[in-house]
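In this note's numbering, the protein residues as written are 10 to 271.
All C-beta atoms in this analysis are idealised placements derived from N, C-alpha and C, irrespective of residue type, glycine included.
(1) Is residue 106 buried or exposed, if buried means 16 or more other CB atoms sit within 10 Å of its CB?
(2) Quick one: give me the first and last residue of the alpha helix (DSSP H) that residue 23 is part of.
(3) From residue 175 to residue 242, what distance separates their C-alpha atoms?
(4) Applying the 10 Å Cβ sphere with the 16-neighbour rule, what's the burial state of residue 207?
(5) Short of 7 Å in beta carbon distance, which residues of its chain neighbour residue 157, apart from the five on each side in sequence? Order them along the chain.
(6) Following the continuous alpha helix (DSSP H) through residue 143, name the residue where it begins and the one where it ends.
(7) Pop quiz: residue 94 and residue 179 are said to be a contact at Cβ under 8 Å. What is the actual Cβ separation, rounded to whole angstroms?
(8) So does the region 84 to 98 actually touch the region 113 to 123, counting three or more Cβ pairs closer than 8 Å?
(9) Should residue 50 go down as buried or exposed, given a rule of 16 or more other Cβ atoms within 10 Å for buried?
(10) If I follow the unbroken alpha helix (DSSP H) through residue 112, where does it start and stop?
(11) Of the choices 19, 56, 23, 21, whose alpha-carbon is the least far from that of residue 29?
(12) By DSSP's criteria, residue 36 is part of a beta bridge. Which residues make up the other side?
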């Protein structure tokens, strides 16, 4: 991550931390529950020549402090957009994985004019009572990694989380994720009308996702106004880490094709 800088700022009286690389149009990527902005290291390296890539530690994760008054994941959508404005980002391509995808979708519902395109990777977005979402924190320790990814060996080879500091931040992140879940489920707002989300949206899903199964992606593709679903074989819940090359190429092709005239 030699070309990627970790930055800090004070906003709303709290420390915010984020990873940043490159210059150009803003591409903001939101990590899932328990992670940090470092999760997007492969994407930051790939896209930094064409974009200003920003991957924040969301409040309470990594080196970003908890923001008082933020009781639920739903509140994060507006807060992230406000914080992005504080570092000079108005319009952006916004992406997220899992809980981060839920936050990105919430941001698009709240202020669609600021979002040029959405990238949702194995994201929370619809309710399917017959297809339960698995909370990874409930998995036994010996099943945690095999439940989260398709092949733990592949994940280990590609993971950007390698230092003791990373391990400590991931442990903190799991506690923060549990804190969010104690306040309210991370599922979508029942009042959402996904048909109102009109910006180009890429849904990228691991075929073997055991946390948020592929059926969620299929339903979201039908529910969103302008969405296309791409499925990655032999991949679980974290395609940006498990299959970074396929993920990067898929995102690049989508953005080139859909934003060429925007």
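Inspection of the coordinates gives the following:
(1) Indexing the chain shown from 1 puts residue 106 at position 97. Buried, since its Cβ has 16 or more Cβ neighbours within 10 Å.
(2) Indexing the chain shown from 1 puts residue 23 at position 14. Per DSSP, residue 23 lies in no alpha helix (DSSP H) segment; the continuous beta strand (DSSP E) that holds it begins and ends at 23 to 30.
(3) Stepping through the chain shown from its first residue, residue 175 is reached at position 166. Stepping through the chain shown from its first residue, residue 242 is reached at position 233. C-alpha separation (whole angstroms): 28 Å.
(4) To locate residue 207, count along the chain shown from 1; it is residue 198. In this structure residue 207 is exposed. Its beta-carbon is surrounded by fewer than 16 other beta-carbon atoms within 10 angstroms.
(5) Locating residue 157 in the chain shown gives position 148, counting from the first residue. Listed in chain order, the non-local C-beta contacts of residue 157 below 7 Å within the same chain comprise 145, 220, 245, 246, 247, local neighbours out to five positions each way being set aside.
(6) On the chain shown, residue 143 is found 134 positions in, with the first residue counted as 1. No alpha helix (DSSP H) contains residue 143, which DSSP labels as neither H nor E.
(7) For the purposes of this step, residue 94 is taken as the residue at position 85 of the chain shown. For the purposes of this step, residue 179 is taken as the residue at position 170 of the chain shown. Rounded to the nearest angstrom, the Cβ distance from residue 94 to residue 179 is 29 Å, too far for a contact under 8 Å.
(8) Between the region 84 to 98 and the region 113 to 123 there are three or more inter-stretch CB-CB distances shorter than 8 Å, so the stretches are counted as touching.
(9) Here residue 50 refers to the residue found at position 41 of the chain shown. That one is buried.
(10) Position 103 of the chain shown, counted from the start, is the residue given in the question as residue 112. Where residue 112 is concerned, the enclosing alpha helix (DSSP H) stretches over 108 to 119.
(11) Residue numbering aside, residue 29 sits at position 20 when the chain shown is read from its first letter. Measuring from the Cα of residue 29, the nearest candidate turns out to be 56.
(12) Start at 1 with the first residue of the chain shown, and residue 36 comes out as number 27. Partner(s): 62, 102.
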